[in-house]
Amino acid sequence: MTPPPSEESPLLPPAASKRARELEDPSPPSQESITLWELRVLLVPYFWPKTWGLRFRVMAAFVFMFGSRGSRILAPLFLKEATNTLSATQLGTFPSFAIAMYCLTLFVFAAAKQVQTYLYMTVKQHAYQDVAAKLFEHLHSLSMNYHLTKKTGKVLRCLDRGSTSTDNIVNVIFFRLLPTLVELVAVSIVFVFSFKEMTLSFVCVSGVLLYVVATAVGTQIRLKFKKETNEHDNQASEKAVDSLTNFETVKYFCTEEYELARYMVSITLFQRSQLSTRSLLNAIVALQQLIQQSCLGVCLYITARNIYSGTMTVGDFVAVTVYVANIFKPLDSLGNIYNTIVQSFVDMENLVELLRIQPEVQDVPGAPALLVSPEHSALLYARQSSTHEELVSAGRTTIVIAHRLSTVRHADNILVLQKGRVVESGSHASLLQQNGEYAKMWSQQSKESEEDA
Numbered sequence: 015m016t017p018p019p020s021e022e023s024p025l026l027p028p029a030a031s032k033r034a035r036e037l038e039d040p041s042p043p044s045q046e047s048i049t050l051w052e053l054r055v056l057l058v059p060y061f062w063p064k065t066w067g068l069r070f071r072v073m074a075a076f077v078f079m080f081g082s083r084g085s086r087i088l089a090p091l092f093l094k095e096a097t098n099t100l101s102a103t104q105l106g107t108f109p110s111f112a113i114a115m116y117c118l119t120l121f122v123f124a125a126a127k128q129v130q131t132y133l134y135m136t137v138k139q140h141a142y143q144d145v146a147a148k149l150f151e152h153l154h155s156l157s158m159n160y161h162l163t164k165k166t167g168k169v170l171r172c173l174d175r176g177s178t179s180t181d182n183i184v185n186v187i188f189f190r191l192l193p194t195l196v197e198l199v200a201v202s203i204v205f206v207f208s209f210k211e212m213t214l215s216f217v218c219v220s221g222v223l224l225y226v227v228a229t230a231v232g233t234q235i236r237l238k239f240k241k242e243t244n245e246h247d248n249q250a251s252e253k254a255v256d257s258l259t260n261f262e263t264v265k266y267f268c269t270e271e272y273e274l275a276r277y278m279v280s281i282t283l284f285q286r287s288q289l290s291t292r293s294l295l296n297a298i299v300a301l302q303q304l305i306q307q308s309c310l311g312v313c314l315y316i317t318a319r320n321i322y323s324g325t326m327t328v329g330d331f332v333a334v335t336v337y338v339a340n341i342f343k344p345l346d347s348l349g350n351i352y353n354t355i356v357q358s359f360v361d362m363e364n365l366v367e368l369l370r371i372q373p374e375v376q377d378v379p380g381a382p383a384l385l386v387s388p389e390h391s392a393l394l395y396a397r398q399s400s401t402h403e404e405l406v407s408a409g410r411t412t413i414v415i416a417h418r419l420s421t422v423r424h425a426d427n428i429l430v431l432q433k434g435r436v437v438e439s440g441s442h443a444s445l446l447q448q449n450g451e452y453a454k455m456w457s458q459q460s461k462e463s464e465e466d467a
């Protein structure tokens, strides 16, 4: 197995390799685990929004979701009745009612699912806005030091993927896995009380549990590679953004090849991690299909044996086939679902780590706004005189930008700016003699000082 390239690879000379390490993010990701309590900031807006109108939509969406699954559980029973009627030795009444109800329940299943999606769409949009606003506001509350040393590309990727991952978690766990779990319990009850065959219930539950465990273990192994893939992707984006942002510097020092080499190292590492992750996924999918088809085969064998013994009918055989297919159908993509969950939690952890960064200077809770203006602030005369003395310098040129003209009255040359242009220049005395803009401002500030005194 070929070792992955590093910053010491032949792509970079020794000096460039050392410089590349210096340019990496000096602070490694936090190893402290993220608690569910910290994730609540991201998840609460999806289940308990601020307004009662949105809360009603959430509750209605869950009602339609469970109603949809309930309709699909009833459908095979009507199919069973129609099959038994048609397979009878002496054909009796045509099973028009059973056929109609079977089609109607399937329609209700699909329609209720679409209504649920429509109702919840507005909730997701408002929740996404709340999370994005909270994150954006938090970034603006951080210090200048953070923004001068941050990796812009990495932060933007965290913001983008973190906000989207919260939406993915809600869709996958609460609107796909939870209904499937409820459906599994309901089908097991149908097998026990309607089909009078507890073995079918045991086989289905065992098959699903084995399916889930195999998927979870396999995907957990993939987690290490997925985190590496995510990190290398962040590094590639970070290097590209930083290099293009400092385009002029790169051109000045003719470091295009060096920047390209650094970028390609991250791309190569990203692709190798991605290949390992994909190979493991293929193996997991093959194992999933083996478990699923084995479970179906055992259930059909049990049903066929009971048909021969006279305890079950052909309609039961058809219904069992549909039930097992319906149980495993949502789980066909469980590998991708679990992968989405794992990736989303990784992205959400990155986002929570970003939220953990506290501003260097924090206001006291409930502190009123601080107003700073000439009416609300003043400089003691002793300190003001000391400040003026510090500004006086001999043997060097000092440039001072002042609001109070008394600060620069001893300057050798004063430039008066108006609308971006120099309108007057000269010493303090000469500008007063000109009786222009400087003289007007000096007179106005002198009156304000007298009134304050």
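Sequential numbering from 15 applies to the sequence shown in the working numbering. Don't be surprised by glycine CBs; every beta carbon is placed ideally from N, CA and C. Quantities reported herein were computed from a predicted structural model and do not represent experimental measurements.
query	result
Name, in chain order, the residues that DSSP records as bridge partners for residue 440.	428
Nearest CA to the CA of residue 123: which residue from 300, 80, 140?	80
Less than 9 Å between the beta carbons of residue 221 and residue 342, yes or no?	yes
Just to check my reading of the structure: residue 176 and residue 361 have Cβ atoms closer than 8 Å, yes? What is that Cβ distance to the nearest angstrom?	5 Å
So, is residue 461 buried or exposed, given that buried needs 16 or more other C-beta atoms within 10 angstroms?	exposed
Which same chain residues, not among the five before or five after residue 60, have their C-beta less than 6 Å away from its C-beta?	141, 184
Is it buried or exposed for residue 63, if we count other Cβ within 10 angstroms and need 16 for buried?	buried
Please report the straight-line C-alpha distance between residue 304 and residue 88, rounded to a whole angstrom.	28 Å
Give a yes or no on contact between the segment 155 to 164 and the segment 93 to 101, applying the rule of three or more CB pairs nearer than 8 Å.	no
Of all Cβ atoms in chain D, is any one closer than 9 Å to the Cβ of residue 447?	In the displayed structure, chain D is absent; only one protein chain is listed.
Pop quiz: residue 133 and residue 200 are said to be a contact at Cβ under 8 Å. What is the actual Cβ separation, rounded to whole angstroms?	Not confirmed; about 23 Å, so no contact.
Considering only the alpha carbon of each residue, which of 314, 423, 173 lies closest to residue 213?	314
Count the other CB atoms, across all protein chains shown, that sit within 10 Å of the CB of residue 302; report buried if there are 16 or more and exposed otherwise.	buried
Would you say the segment 446 to 457 touches the segment 426 to 435, given that touching needs at least three Cβ pairs under 8 Å?	yes
Going straight from the alpha carbon of residue 101 to that of residue 111, what length do you get?	16 Å
Please classify residue 423: does DSSP put it in a helix, a strand, or coil?	coil
Among 379, 365, 412, which one has its Cα closest to the Cα of residue 170?	365
Going by DSSP, name the residue or residues bridged to residue 435.	432
Going along the chain, which unbroken runs of the alpha helix (DSSP H) with 4 or more residues stay wholly within the segment 50 to 76?	50 to 61
Could you tell me how far apart the beta carbons of residue 182 and residue 291 are, in whole angstroms, since I believe they sit closer than 8 Å?	Contact doesn't hold; Cβ gap of about 17 Å is too wide.
Report all residues from its chain with a CB closer than 8 Å to the CB of residue 318; omit the five preceding and five following residues, and keep chain order.	331
Is it buried or exposed, residue 240, if we count other Cβ atoms within 10 angstroms and call 16 or more buried?	buried
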